[in-house]
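**Q** Residue numbers (this note's numbering), protein chains in the order written: chain A, 1 to 332; chain B, 1 to 260. In this text, a Cβ means the ideal position worked out from N, Cα and C, and glycines have one as well.
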Amino acid sequence: MQAIEAERLTRRFGDFTAVEEVSFAVAEGEIFAFLGPNGAGKTTTINMLCTLLRPTSGTARVGGHDVRREPHAVRRRIGLVFQDPSLDDRLTAWQNLWFHAMLYDLPRMEFQQRARYLLDLVELTEHAHREVRTFSGGMKRRLEIARGLLHRPKVLFLDEPTLGLDPQTRRHIWEHIFSLREKEGSTIFFTTHYMDEAENADRIAIIDHGRIVALDTPENLKATIGGDVLLIRTSDDPLSARRLREGLGLEARTTQEGLLVEAQNADQLIPVVLNLLQNGQGDPVSVYSVNLRRPSLDDVFIKLTGRALRDEEASPLDRMRLSGRLWSRSRR
Amino acid sequence: MSWLKAVYTIWYRDVLRFLRDRARIVSSLGQPLFFLVIFGNGLAPAMTAGMGNVDFRSFLFPGIVSMAVLFTAVFSAVSIVWDREFGFLKEVLVAPVPRSAVALGKVAGGSTTAMFQGILLLVLAPLVRVHLTPSQWITLVAMMLLLAATMTSFGILIAARMRSMEGFHMMMNFLLMPMFFLSGAFFPLRDVPLWMAWLAKVDPVTYGVDAFRQVILQRTVPEFVLRLLTLHPLEVNLALLVAYWLLFLFPAVWMFARQE
């Protein structure tokens, strides 16, 4: 049985289609990533899978149950870590876990054993009886992960699990997630807009404008780029692009960072490209830098969507989120 | 059974938070106390003569108690707006518990904390030369719970569809303040313009203030004077409060359960 099966899942808000006919399946024990820019429909998809939003059309089964017809059965089988902290920061870590156990109707003995075990797993045992508001961002996230696992869910959903955390803490969180899979056999579905984070997944679905544009293992996705990637910065990118096409038959894409060229044996191509641009016919072009690299998921994303994956303008919700942080800070 | 457990859990969280947060308890006592001390003493010389020589501070006191109950109740309900987008409520909404249990737990929690807040003010009664007997205390606590439940249900009804804090400030300015001012908390609703009398009649807070005033001033003010300062018999007030409570409660639970 698959842990998650989505069939033509669609959600509209008025005229706006946030998620359009998304279909995929996640196997039990798999780590599966939804990768895409802000506003691509990642959170909307998670909310539909978690029964927080009703799909406009299409359906999904999570843990073997239909999200439309059996929302309660689905809820019992999933754990969720939200993009924004959803801990009660006036309560202690232990009390937060206790509330979760109450809501999921766990027997007291089981709760105590399980809470101790999970706090140990996320290395928060010594902070169990401190108020959550004294925790760092990474500690809060770890506590939320522990809480999400308290009722032994079949699937753990993580919405941007390391958003706003520093690189060291991000790495640390991921060590915890891997050890979870090892010890608990949980299926993990997470969303992210960090390329390097998506590489932690067994398979990645790249989502853009509410549609899945590619779905495969990180290696296979990168293999769709033929060979290596050259990043060339010049004094005149459009002219250089034309010359590369006419002179060498290379397709160069203009991006904010510079010209991107996919090629086999790119190392040997560098002197040829330099010679062509600087000494070729017509006006000489100055080449500022040439960078050779293995293809990254970023390159895959650019190839698929024509855009780089970067933070776009803040959505209204992001603005509210920011003002919320300021607001709750000023209340203290 | 798990339904009751969920109601209890939501209620318990509100109460636990309230008891842990001493600073908030003290600061939310501040505003009613300012009203009582400043308005009370400032207006007493001018007002006392017009009210059958009832000390204006004693007259004002029941209004101030209802203010504490009213604001605590509505605030705790409206915190849902914030909680839903960014806080603990998300965790609750995705749990396998019925939404109706969540809404009722919220009503119970908001009512209990508002009642506590009212009790804290009631303790100060001797300061305005009002001494309460145990039976008055019991009646008042029960009435505070009723007013608190009414106003928490009202708050949840408003908050169930609200998505932003701007909406919350709008509601504060255009609903809550008028409801409080029109309730007769500050002045007797006798010989007021007709429009004001009518608005006061549809304002549920009026019946709470009126009931509080009757019970609090029972033994302090002669009966015929008290009758001049109040509007309806106690039973009428209580019956109307119960009616308002149910009127708000059912749509509040329904709206809350339907939200996404």
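Between Asp311/A and chain B, is the shortest Cβ-Cβ distance under 8 angstroms, so that the two count as touching?
**A** Start at 1 with the first residue of the first sequence, and residue 311/A comes out as number 311. Bear in mind that the predicted position of Asp311/A carries a pLDDT of just 45, short of 50, making it too unreliable to give a figure here.
**Q** Note the first and the last residue of the continuous alpha helix (DSSP H) segment covering Leu93/B.
**A** Locating residue 93/B in the second sequence gives position 93, counting from the first residue. That run of the alpha helix (DSSP H) goes 88 to 93.
**Q** In angstroms, rounded to a whole number, what distance separates the CA positions of Leu189/B and Phe181/B?
**A** Position 189 of the second sequence holds residue 189/B. Position 181 of the second sequence holds residue 181/B. Their Cα atoms are separated by approximately 11 angstroms.
**Q** Less than 6 angstroms between C-beta atoms, sequence neighbours within five positions excluded: which residues of the same chain meet that for Val78/B?
**A** For the purposes of this step, residue 78/B is identified with residue 78 of the second sequence, where counting begins at 1. Counting only Cβ-Cβ distances below 6 angstroms, and skipping sequence neighbours, we find Gly155, Ala159, Phe168.
**Q** Run down chain B in chain order and give the residues with a C-beta less than 8 angstroms from the C-beta of Asp15/A.
**A** Residue 15/A sits at position 15 when you count from the first residue of the first sequence. Listed along the chain, the chain B residues whose CB falls inside 8 angstroms of the CB of Asp15/A amount to none; the nearest CB is some 18 angstroms away.
**Q** Could you pull out every unbroken beta strand (DSSP E) segment of at least 3 residues lying fully inside the region 222 to 272 of chain A, listed in chain order?
**A** 228 to 234, 252 to 254, 259 to 263
**Q** Would you report the Cα separation of Pro45/B and Leu36/B, rounded to the nearest angstrom?
**A** Your numbering for residue 45/B matches position 45 in the second sequence. Your numbering for residue 36/B matches position 36 in the second sequence. Taking the straight line joining both Cα atoms gives about 14 angstroms.
**Q** By the three-class DSSP mapping on this structure, what secondary structure does Asp311/A have?
**A** Taking the first residue of the first sequence as position 1, residue 311/A is located at position 311. Note that Asp311/A scores a pLDDT of 45, beneath 50, so its modelled location is shaky; the value from the coordinates is reported in the next line. Asp311/A: coil per DSSP, three-state reduction.
**Q** For His151/A, does the count of other Cβ atoms within 10 angstroms reach 16, so buried, or fall short, so exposed?
**A** Here residue 151/A is taken as the residue at index 151 of the first sequence, counted from 1. Buried.
**Q** Taking Cβ-Cβ distances below 8 angstroms as the criterion, which residues of the region 86 to 120 of chain A are in contact with chain B?
**A** Of all residues in the region 86 to 120 of chain A, the ones placed with a Cβ closer than 8 angstroms to any Cβ belonging to chain B are Ser86, Leu87, Asp88, Arg90, Leu91, Gln95, Phe99, His100, Met102, Leu103, Tyr104, Asp105, in chain order.
**Q** Expressed to the nearest angstrom, what Euclidean distance is found between the alpha-carbon atoms of Asp311/A and Val192/B?
**A** As a first step, residue 311/A must be located in the first sequence, where it is residue number 311. As a first step, residue 192/B must be located in the second sequence, where it is residue number 192. With a pLDDT of only 45 at Asp311/A, under 50, the local geometry of the prediction cannot be trusted, and the value read off the model is given with reservation. A direct Cα-to-Cα measurement between Asp311/A and Val192/B gives close to 60 angstroms.
**Q** Report buried or exposed for Ile46/A, applying the criterion of at least 16 other Cβ atoms within 10 angstroms of its Cβ.
**A** Locating residue 46/A in the first sequence gives position 46, counting from the first residue. Buried, because 16 or more other Cβ atoms sit within 10 Å of the Cβ of Ile46/A.
**Q** Any idea what DSSP makes of Glu7/A, helix, strand or coil?
**A** Translated into the one-based positions of the first sequence, residue 7/A becomes position 7. It is a strand residue.
**Q** Can a CB atom of chain A be found closer than 8 angstroms to the CB of Gly105/B?
**A** As a working note, residue 105/B is residue 105 in the second sequence. Not closer than 8 angstroms to any Cβ of chain A, the Cβ of Gly105/B fails to qualify, so no.
**Q** May I have the straight-line CA-CA distance separating Lys339/A from Leu124/B, to the nearest angstrom?
**A** Residue 339/A falls outside the range modelled here, since chain A spans only 1 to 332, and no answer is possible.
**Q** Return the residue from the list Asp89/A, Val19/A, Asp237/A that minimises the CA-CA distance to Gln256/A.
**A** Taking the first residue of the first sequence as position 1, residue 256/A is located at position 256. When only C-alpha atoms are compared, the closest one is Asp237/A.
**Q** Which runs of the alpha helix (DSSP H) fall wholly inside the region 202 to 256 of chain B and span at least 4 residues, in chain order?
**A** 204 to 217, 223 to 229
**Q** Count the C-beta pairs between the region 226 to 236 of chain B and the region 195 to 212 of chain B that are closer than 8 angstroms, then say yes if the count reaches three, no if not.
**A** yes
**Q** Output yes or no for whether 8 angstroms exceeds the beta carbon distance between Ala68/B and Gly118/B.
**A** Position 68 of the second sequence, counting from 1, holds the residue named residue 68/B. Position 118 of the second sequence, counting from 1, holds the residue named residue 118/B. Between Ala68/B and Gly118/B, the C-beta spacing is below 8 angstroms.
**Q** Nearest to Gln264/A by alpha carbon, out of Asp202/A, Glu110/A, Leu274/A, Leu250/A?
**A** Residue numbering aside, residue 264/A sits at position 264 when the first sequence is read from its first letter. It is Leu250/A whose Cα lies nearest to the Cα of Gln264/A.
**Q** Could you please tell me which residues of the region 52 to 63 of chain A, in chain order, have their CB closer than 8 angstroms to any CB of chain B?
**A** Per Cβ criterion, the list reads Leu52, Leu53, Arg54.
**Q** How far does the alpha helix (DSSP H) with Gly30/B in it reach, from first residue to last?
**A** One-based indexing of the second sequence puts residue 30/B at position 30. Segment 22 to 34, the alpha helix (DSSP H) holding Gly30/B.
**Q** Short check: CB of Ile204/A to CB of Val213/A, under 8 angstroms?
**A** Taking the first residue of the first sequence as position 1, residue 204/A is located at position 204. Taking the first residue of the first sequence as position 1, residue 213/A is located at position 213. The answer is no: Cβ separation not under 8 angstroms.
**Q** Among Ser186/A, Leu274/A, Met48/A, Ala3/A, which one has its Cα closest to the Cα of Arg69/A?
**A** Locating residue 69/A in the first sequence gives position 69, where the first residue counts as 1. If we check each option's Cα against that of Arg69/A, Met48/A comes out closest.
**Q** Alpha carbon to alpha carbon, how far is Ser111/B from Phe248/B?
**A** Locating residue 111/B in the second sequence gives position 111, where the first residue counts as 1. Locating residue 248/B in the second sequence gives position 248, where the first residue counts as 1. Those two C-alpha atoms are separated by around 14 angstroms.
**Q** Since His350/A meets chain B, which of its residues come closer than 8 angstroms, beta carbon to beta carbon?
**A** The structure shown does not extend to residue 350/A, since chain A is modelled only from 1 to 332, so the question has no answer here.
**Q** Is DSSP giving Val78/B helix, strand or coil here?
**A** Stepping through the second sequence from its first residue, residue 78/B is reached at position 78. It is helical.
**Q** Hey, is Leu239/A's beta-carbon within less than 8 angstroms of any beta-carbon in chain B?
**A** Mapped onto the first sequence, residue 239/A falls at position 239. Chain B, which has no Cβ nearer than 8 angstroms to the Cβ of Leu239/A, makes this no.
**Q** Using a Cβ cut-off of 8 angstroms (strictly closer), state whether Leu80/A contacts chain B.
**A** Start at 1 with the first residue of the first sequence, and residue 80/A comes out as number 80. Chain B, which has a Cβ nearer than 8 angstroms to the Cβ of Leu80/A, makes this yes.
**Q** Specify the secondary structure class of Arg211/A as computed by DSSP and reduced to three states.
**A** Locating residue 211/A in the first sequence gives position 211, counting from the first residue. Note: Arg211/A maps to strand in three-state DSSP.
**Q** Among the residues of its own chain, which have a CB less than 6 angstroms from the CB of Leu43/B, if the five just before and after it don't count?
**A** As a first step, residue 43/B is located in the second sequence; it is residue number 43 there, counting from the start. Answer for Leu43/B: Phe56, listed in chain order.
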